[in-house]
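S.K.:
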Amino acid sequence: MPKKTYIVELTNEERSHLKRMINTGKTAAYKQRHARILLLADQNSKAAAMKDDDIAKAIGCGRVTVERIRKRFVEEGLQDALARHKSRRQYQCKLDGKSEARLIALACSEPPEGEKRWTLRLLADRMVALEYVDSLSYQTVRRTLKKTNLSLG
Numbered sequence: 002m003p004k005k006t007y008i009v010e011l012t013n014e015e016r017s018h019l020k021r022m023i024n025t026g027k028t029a030a031y032k033q034r035h036a037r038i039l040l041l042a043d044q045n046s047k048a049a050a051m052k053d054d055d056i057a058k059a060i061g062c063g064r065v066t067v068e069r070i071r072k073r074f075v076e077e078g079l080q081d082a083l084a085r086h087k088s089r090r091q092y093q094c095k096l097d098g099k100s101e102a103r104l105i106a107l108a109c110s111e112p113p114e115g116e117k118r119w120t121l122r123l124l125a126d127r128m129v130a131l132e133y134v135d136s137l138s139y140q141t142v143r144r145t146l147k148k149t150n151l152s153l154g
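Residues in the sequence shown are numbered consecutively from 2, following this note's numbering.
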């Protein structure tokens with residue numbers, strides 16, 4: 002199955018906006034790169050539109066980047082094509098308020114026998130052993146304790 006090609010057709014207003022953005026040099030480098038990609042891929046320009054491989058060589062980026070910017074321009078518009086891609090991934094919090102309170106109480110308690118102090122991994126393992134949570138990363142423990150300004154040392 003052949004890959005779908007996205008045709009970039011800029012209006013005169015969009016083209017002048019992108020050229021202004023590049024020439025002033027006050028915008029972020031990634032935005033300038035995206036603007037250059039769109040200008041080189043423009044079908045409505047006086048110069049012939051370049052192919053993705055040629056654009057990638059001219060700009061100094063990968064072909065996939067050029068394809069992604071083209072696609073984003075066609076599907077989402079100019080502003081989204083210039084901006085960084087926002088992650089759509091949904092993260093679920095492992096610890097709610099009650100579990101955070103249990104973690105803090107555990108961190109403030111005496112460390113296990115044979116240990117001088119609680120470590121992040123020990124706290125994570127103990128939370129799982131006590132069945133407060135089904136699994137827990139030591140990094141989650143670290144973020145939670147940092148949020149509460151609680152030091153293990």
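No residue lacks a Cβ here, since even glycine has one placed at the ideal position from N, Cα and C.
#1: Can you list, in chain order, the stretches of the beta strand (DSSP E) that have 3 or more residues and sit fully within the stretch 101-137?
#2: Within the same chain, show all residues whose beta-carbon is closer than 8 angstroms to that of residue 96, passing over the 5 residues directly before and after it, in chain order.
#3: With DSSP as the reference, label residue 43 as helix, strand or coil.
#4: On the DSSP bridge assignment, give the partners of residue 9 in chain order.
#5: Taking all protein chains shown into account, decide if residue 83 is buried (16 or more other Cβ within 10 angstroms of its Cβ) or exposed.
#6: Can the beta-carbon of residue 34 be found less than 8 angstroms from the beta-carbon of residue 62?
#7: Determine the DSSP secondary structure at residue 49, reduced to helix, strand or coil.
#8: At the level of alpha carbons, what is the spacing between residue 59 and residue 40?
#9: Output the residue ranges of the alpha helix (DSSP H) runs that lie fully inside the stretch 62-91 and measure 4 residues or longer, sorted by chain position.
#10: How far does the alpha helix (DSSP H) with residue 96 in it extend, from its first residue to its last?
#11: In chain order, what residues of the same chain lie with their CB nearer than 6 angstroms to the CB of residue 123, ignoring the 5 residues before and after it?
M.R.: If we stick to the structure as given:
#1: Runs of the beta strand (DSSP E) inside the stretch 101-137: none found.
#2: Once the five neighbours on either side are set aside, the close Cβ partners of residue 96 are 104, 134, 137, 141, 145.
#3: The three-state secondary structure of residue 43, taken from DSSP, is strand.
#4: Its beta-bridge partners are 43.
#5: The Cβ neighbour count for residue 83, taken over all protein chains shown within 10 Å, is at least 16; the residue is labelled buried.
#6: Yes, these two residues count as a Cβ contact at 8 angstroms.
#7: Under the three-state reduction of DSSP output, residue 49 falls in the coil class, being neither helix nor strand.
#8: Distance from the CA atom of residue 59 to the CA atom of residue 40, rounded to whole angstroms, is 12 angstroms.
#9: Within the stretch 62-91, the complete alpha helix (DSSP H) runs of at least 4 residues fall at 64-77, 79-83.
#10: Residue 96 -> no alpha helix (DSSP H), and no H or E assigned at all.
#11: Excluding positions up to five away in sequence, the list is empty.
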